[in-house]
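*Asks:* Questions regarding the structure given below will be posed in turn.
Residue numbers (this note's numbering): 534 to 851.
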């Protein structure tokens, strides 16, 4: 009986010891986790302070970077303006010399004309003698060639990256084949007209077909940028307008309500022009893509040579 009682007490004590041990282990684990969390909490607190300090520092760095970029752009602007001024002086000097050469050439032609007029009254024998010793032949006189003033288009750092933030796609969704285009600047009737003169009739082979494309959507606010490829076109016109009149055979745009850039042939040379007011653009004609930027809210339209990353022309707010 005593042995049985002893064994009973022993099992109870062992069970109690086992439960206590489990509790102690759990308490130990919890304490360990608590201490680990305390360390992590301290680290997170330090990280929070460090992160806030870093954010403040990064704001300063970003501000400094933009200020540096502004400074670099101002320096680039100054260099651009100085280069433009120097190049303009050189071209003006070339034009001045060209005027002088042409004036001298004209005077020589007048002298030759007077000599030839006087020769008309001479006998044939004297004419033969004077023909041998006569005035300088026109072929010997080098005809002065006109100067084509053309300014260098300097690239503007980062301009295309900035413009592409406002890029819109599928801007020209409507098309029409035409055979005639006219740009009129006659007062209130000033207009750009694209017309199919041979609609419904046999087409003459010498008439070159052209394609007019325009956007069906209208912009009423914001900034918008798109590009057009003129690689395979010599004569072209592009831009924006407030309104457009479309019929089955023609498209009309009033110049006063449009901002257009166009290329056309003048004196065997293709040049750029703008409307309202009409200006010839003394810069290299783009041979690839042209960017168009519309700042609707500020009333500005600008054209860019994408290949060179340079400005062609800006219609500034009036």
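Glycine residues also receive a C-beta, built at the ideal position from the N, C-alpha and C atoms.
(1) Pair every Cβ in the segment 782 to 789 with every Cβ in the segment 841 to 848, then say whether three or more of these pairs are closer than 8 Å.
(2) Considering Cα atoms alone, identify which of 588, 682, 656, 760 is closest to residue 624.
(3) Helix, strand or coil: how does DSSP classify residue 582 here?
(4) Let me know the secondary structure DSSP gives residue 824 once reduced to three states.
(5) Please classify residue 604 as buried or exposed, where buried requires at least 16 neighbouring CB atoms within 10 angstroms.
(6) Let me confirm a value: residue 562 is counted as buried when at least 16 other C-beta atoms fall within 10 Å, else exposed. Which label applies?
(7) Secondary structure at residue 838, three-state DSSP: helix, strand or coil?
(8) What does the alpha-carbon distance come out to for the pair residue 750 and residue 757?
(9) Using the Cβ count rule (16 or more neighbours within 10 Å means buried), how would you classify residue 744?
(10) What separation, rounded to the nearest whole angstrom, lies between the Cα atoms of residue 797 and residue 769?
(11) On the DSSP bridge assignment, give the partners of residue 707 in chain order.
(12) Measure the C-alpha to C-alpha separation of residue 835 and residue 675 and round it to an integer number of angstroms.
(13) Contact criterion: CB-CB distance below 7 Å. Does residue 794 meet it with respect to chain C?
(14) Within 10 angstroms of its Cβ, does residue 636 collect 16 or more other Cβ (buried), or is it exposed?
(15) Straight-line CA distance for residue 737 to residue 621?
(16) Taking all protein chains shown into account, do 16 or more other C-beta atoms lie within 10 angstroms of the C-beta of residue 776, making it buried, or fewer, making it exposed?
(17) Out of 747, 851, 698, which one is the CA nearest neighbour of residue 755?
(18) Mapping DSSP to helix, strand and coil, what is residue 760?
(19) When DSSP labels each residue in this structure, what does residue 611 get in the three-state scheme?
(20) Pairing CB atoms from the segment 644 to 653 with CB atoms from the segment 590 to 601, are three or more of them under 8 Å?
(21) Given this structure, state the Cα-to-Cα distance separating residue 649 from residue 678, to the nearest angstrom.
(22) Taking all protein chains shown into account, do 16 or more other C-beta atoms lie within 10 angstroms of the C-beta of residue 702, making it buried, or fewer, making it exposed?
(23) Just reading off the alpha helix (DSSP H) that residue 696 is part of, what are its end residues?
(24) In the DSSP output, what is residue 802 paired with across the bridge?
(25) Just how far apart, CA to CA, sit residue 574 and residue 582?
(26) I need the DSSP call for residue 689, collapsed to helix, strand or coil.
(27) Can you give me the C-alpha to C-alpha distance between residue 612 and residue 579, rounded to a whole angstrom?
(28) Take the Cβ of residue 759 as the centre, count every other Cβ of all protein chains shown within 10 Å, and call the residue buried at 16 or more, exposed below.
(29) Can you have a look at residue 803 and say buried or exposed, based on whether 16 or more other CB atoms are within 10 angstroms of its CB?
(30) Taking Cβ to Cβ, would you say residue 693 is nearer than 7 Å to residue 826?
(31) If we count the other Cβ atoms within 10 Å of its Cβ and call it buried at 16 or more, is residue 799 buried or exposed?
(32) Alpha carbon to alpha carbon, what distance is there between residue 602 and residue 585?
(33) In this structure, what does DSSP give as the bridge partners for residue 813?
(34) Residue 642 and residue 815 - do their beta-carbons sit closer together than 7 Å?
*Replies:* Concretely, from the data shown:
(1) No: fewer than three Cβ pairs fall under 8 Å.
(2) Checked all of 588, 682, 656, 760; the closest Cα to residue 624 is 682.
(3) Reduced to three states, the DSSP call for residue 582 is helix.
(4) Under the three-state reduction of DSSP output, residue 824 falls in the strand class.
(5) An exposed status is given to residue 604, since fewer than 16 other beta-carbon atoms sit within 10 Å of its beta-carbon.
(6) By the 10 Å Cβ count, residue 562 comes out exposed.
(7) Of the three classes helix, strand and coil, the one that applies to residue 838 here is strand, per DSSP.
(8) Linking residue 750 to residue 757 through their CA atoms gives a straight-line distance of about 12 Å.
(9) With fewer than 16 other beta carbons inside 10 angstroms of its own, residue 744 counts as exposed.
(10) C-alpha separation (whole angstroms): 7 Å.
(11) In the DSSP output, where bridge partners are listed per residue, residue 707 has 747.
(12) Each residue's Cα considered, the two are about 42 Å apart.
(13) The question asks about chain C, but that chain is absent: this structure has only one protein chain.
(14) Answer is exposed; the Cβ neighbour count stays below 16.
(15) Note on residue 737: pLDDT 44, under 50, position unreliable in the model; the coordinate value appears next. Near 45 Å, if we compare the C-alpha coordinates of residue 621 and residue 737.
(16) The residue is exposed, with fewer than 16 neighbouring Cβ atoms inside 10 Å.
(17) Looking only at 747, 851, 698, the smallest Cα-Cα distance to residue 755 is reached by 698.
(18) Strand, per DSSP.
(19) Note: residue 611 maps to helix in three-state DSSP.
(20) Using a C-beta cut-off of 8 Å, the segment 644 to 653 makes no contact with the segment 590 to 601, since fewer than three inter-stretch Cβ pairs fall below that distance.
(21) For the pair residue 649 and residue 678, the Cα-to-Cα distance works out to about 25 Å.
(22) So residue 702 counts as exposed.
(23) Counted as a single uninterrupted DSSP element, the alpha helix (DSSP H) harbouring residue 696 occupies residues 692 to 696.
(24) BP columns for residue 802 point to 799.
(25) Near 12 Å, if we compare the C-alpha coordinates of residue 582 and residue 574.
(26) DSSP places residue 689 in the coil class of the three-state scheme, outside both helix and strand.
(27) Taking the straight line joining both Cα atoms gives about 48 Å.
(28) That one is buried.
(29) When all chains shown are included, residue 803 counts as exposed.
(30) Not a contact, by the Cβ cut-off of 7 Å.
(31) So residue 799 counts as exposed.
(32) So the two alpha carbons sit approximately 26 Å from each other.
(33) Answer by DSSP bridge pairing, in chain order: 806.
(34) With contacts defined as CB atoms closer than 7 Å, residue 815 and residue 642 fail to qualify as a contacting pair.
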